[in-house]
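Heads up: the structure comes next, in structure tokens.
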Amino acid sequence: MPSGRDHDVVLFGATGFTGGLTAEYLARTAPPGLRLALAGRDLGKLEALREKLFSLNAEFGALPLVRADVSDVDSLRRVAESTKVVATTVGPYVHYGEPLVAACAEAGTDYADLCGEPEFVDRMYVAHHARAVETGARLVHACGFDSIPHDLGVLFTISRLPQGKPIRIDGYVRAGALPSGGTFLSALTAFSRLPSSFRAARDRAAAEPRPEGRRARSPLGTPHRGPDGFWAVPLPTIDPMIVERSAAALPAYGPDFTYRHYAAVKRLPMVAAGAAGMGLVFGAAQIPPARRALSKLLKPGGGPDEARRARSWFSVRFHAESGGERVVTEVSGGDPGYGETAKMLGESALCLALDDLPETAGQVTTANAMGQALIGRLSDAGLRFATL
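Numbering (the working numbering), first residue to last: 14 to 401.
Quick look at the structure:
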């Protein structure tokens, strides 16, 4: 990375709901002397946020404010050239994300987002991975609940298994929280763009080399009664895709790695209700007026109050087998859609900016780029990584 950058981290989209939570998290926890800047479209809103942050951390009263807009490529170029890391909450990424990815890839600047959209991740690999490798930029998608608990949870799990053997891991997700507006809109957008998503996946498969002499897979599982007594329903989110990319990149995942991803629910009626709800979202996504109406139910940029977030929780339990040995691990924490996501993005940005990490470049996952360093940061910040 070129020397002489003005900032360690620029937080883009800082005045949105999740962006504001991320800024508040950094104000409470960032190390002294962190060179943070806030970026967004509205300087007035940025100034109001800076005043709020000053009440949490006196150092933040003089934070630089940067006007930048996804429609202004020059403003994004200036942001990318001014900092070590850009962390962005501006989505849906498939609509608004590429100009900033392109600017970071060109400038050799590390990039972190909250993207849960497989199409966007695949398109960015095809369009910008090679240039990022040349400049040294690390492009790290899915640095929130999508997909850190799953990606780093699997990395944590394989460190407790025999090495050099085939590995099979099943992940079971439980949560007591509503989805964030951004997650909801990402799912709705993805369902409405299935042909584009399939094309992006095909183009990536044609461009991306596979590991030689090793295999990494994330097949869709089948519904079943899970080992902890819950009903397990296949969960076709971005998370298994991210885990598979980590497994392909890291030899520690063994010669033959398989990951299956499930939602864990207590009762069969909940399975039926979930399937019906998913069907409703899928059907509405195909009809533009219905899609617009449904998107208003959980708008991005808003979210629950602090009391509701304090009652929310998540856990991801991993059942793993390798070489005849079985291990059960768990990653758990508080509010997944907002509070913990802000924590995960904030710690990812700090990790990229400040920590001594393995040399990687291009589009990389959290496990590949930050690995144990980020597990350590998140553990210190209150997420629980445990062997059961």
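No residue lacks a Cβ here, since even glycine has one placed at the ideal position from N, Cα and C.
Taking C-beta to C-beta, are residue i and residue j nearer than 9 Å?
i	j	result
residue 145	residue 384	no
residue 220	residue 350	no
residue 106	residue 359	no
residue 83	residue 89	yes
residue 40	residue 78	no
residue 100	residue 150	no
residue 25	residue 102	yes
residue 31	residue 355	yes
residue 164	residue 365	no
residue 50	residue 76	yes
residue 233	residue 276	no
residue 152	residue 114	yes
residue 361	residue 161	yes
residue 202	residue 142	no
residue 139	residue 116	no
residue 363	residue 390	yes
residue 205	residue 131	no
residue 43	residue 80	no
CA-CA distance, residue i and residue j?
i	j	result
residue 379	residue 267	18 Å
residue 393	residue 347	14 Å
residue 64	residue 47	17 Å
residue 279	residue 188	12 Å
residue 95	residue 69	25 Å
residue 36	residue 167	28 Å
residue 339	residue 250	25 Å
residue 262	residue 243	32 Å
residue 337	residue 180	10 Å
residue 224	residue 319	45 Å
residue 186	residue 357	17 Å
residue 228	residue 269	5 Å
residue 246	residue 345	19 Å
residue 104	residue 17	30 Å
residue 353	residue 222	34 Å
residue 238	residue 254	23 Å
Within a Cβ cutoff of 7 Å, which residues of the same chain sit near residue i, ignoring the five residues on either side of it in sequence?
i	result
residue 33	27, 62
residue 399	342, 343
residue 240	332
residue 324	none
Assuming residue i is part of the alpha helix (DSSP H), what are its boundary residues?
i	result
residue 108	106-109
residue 332	Taken as a continuous stretch (DSSP letters only), residue 332 belongs to no alpha helix (DSSP H), being part of the beta strand (DSSP E) at 326-335.
residue 58	56-67
residue 343	Not the alpha helix (DSSP H): residue 343 falls in the beta strand (DSSP E), residues 338-346.
residue 152	From DSSP, residue 152 is part of no alpha helix (DSSP H) but of the beta strand (DSSP E) over 151-153.
residue 356	352-367
residue 245	Note, residue 245: premise wrong, no alpha helix (DSSP H); beta strand (DSSP E) at 244-247.
From which residue to which residue does the beta strand (DSSP E) around residue i run?
i	result
residue 225	Residue 225 -> no beta strand (DSSP E), and no H or E assigned at all.
residue 180	180-189
residue 266	Per DSSP, residue 266 belongs to no beta strand (DSSP E) and is neither H nor E.
residue 84	Unbroken run through residue 84: none, as it is neither H nor E.
residue 389	Note, residue 389: premise wrong, no beta strand (DSSP E); alpha helix (DSSP H) at 384-393.
residue 126	123-126
residue 20	20-25
residue 377	Where residue 377 is concerned, there is no enclosing beta strand (DSSP E), given that its DSSP letter is neither H nor E.
residue 262	Premise fails: residue 262 lies in the alpha helix (DSSP H), 252-262, not in any beta strand (DSSP E).
residue 400	397-400
Can you list, in chain order, the residues of its chain with a C-beta nearer than 6 Å to that of residue i? Leave out the 5 residues immediately preceding and following it.
i	result
residue 183	273, 332
residue 230	271
residue 74	67
residue 58	28
residue 257	229, 231
Is any heavy atom in the ligand HEM found nearer than 8 Å to the beta carbon of residue i?
i	result
residue 165	The ligand HEM is not part of the structure shown, which contains no ligands of any sort.
Evaluate contact between the region 327-334 and the region 385-394, counting only Cβ atoms and requiring at least three cross-stretch pairs below 8 Å. These segments do not touch.
Would you call the region 119-137 and the region 146-157 in contact, with 3 or more CB pairs under 8 Å? With the cut-off at 8 Å, the region 119-137 and the region 146-157 touch.
Three CB pairs or more closer than 8 Å across the region 133-149 and the region 203-215: When Cβ pairs closer than 8 Å are counted between the two stretches, the region 133-149 is seen to touch the region 203-215, the count reaching three or more.
So, do the region 313-329 and the region 171-180 have three or more beta carbon pairs nearer to each other than 8 Å? As far as the Cβ criterion goes, the region 313-329 does not touch the region 171-180, which means the pair count is below three.
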